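Q: One structure, pasted below without further comment.
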Amino acid sequence: MLPITRTRDFKKFLIAAAVVFVIAVSVISRVTFKGVEDQYNLPIENWSLGLFVIQGAWVFIYSIMFTIIGSLPFAFYFLGPKSNHDS
Numbered sequence: 004m005l006p007i008t009r010t011r012d013f014k015k016f017l018i019a020a021a022v023v024f025v026i027a028v029s030v031i032s033r034v035t036f037k038g039v040e041d042q043y044n045l046p047i048e049n050w051s052l053g054l055f056v057i058q059g060a061w062v063f064i065y066s067i068m069f070t071i072i073g074s075l076p077f078a079f080y081f082l083g084p085k086s087n088h089d090s
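Sequential numbering from 4 applies to the sequence shown in my numbering.
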């Protein structure tokens, strides 16, 4: 296993990535489900199981992608090279 995965900074990065994922899921699910209701004038009570599965898959895919993109700054910050300014 990579030695970087045992560091405190890696754990901080994982926490930051998890927070980004939770935010992405909450925002994207709200937009996706509310968007289908508004666009097709179809209340959520009338949705079929297939529609829930398809919309849930889209939420999952988009959340993963936004988590990867949103976690990049945290990866550079926590896992990037450290500069030692001893002078």
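Don't be surprised by glycine CBs; every beta carbon is placed ideally from N, CA and C. Small disclaimer: the values here were computed from a predicted structure and weren't measured.
Per DSSP, what kind of secondary structure is Pro76 in: helix, strand or coil?
A: Working through the sequence shown from its first residue, we reach residue 76 at position 73. Three-state result, Pro76: helix.
Q: In chain order, what are the residue ranges of uninterrupted alpha helix (DSSP H) at least 4 long that sit wholly in the segment 8-76?
A: Entirely contained in the segment 8-76, the alpha helix (DSSP H) runs reaching 4 residues are, in chain order, 11-43.
Q: Are Thr70 and Ala19 touching if we call contact CB-CB under 8 Å?
A: Translated into the one-based positions of the sequence shown, residue 70 becomes position 67. Translated into the one-based positions of the sequence shown, residue 19 becomes position 16. In this structure, Ala19 does not lie closer than 8 Å to Thr70 by Cβ.
Q: With a threshold of 7 Å on Cβ separation, who are the neighbours of Leu82 within its own chain once the five nearest residues in sequence on each side are excluded?
A: Here residue 82 corresponds to residue number 79 of the sequence shown, with the count starting at 1. Here the set comprises Ile7, Asp12, Phe13, Phe16.
Q: What three-state label does DSSP hand Pro84 in the structure shown?
A: On the sequence shown, position 81 is the one that residue 84 refers to. Coil, per DSSP.
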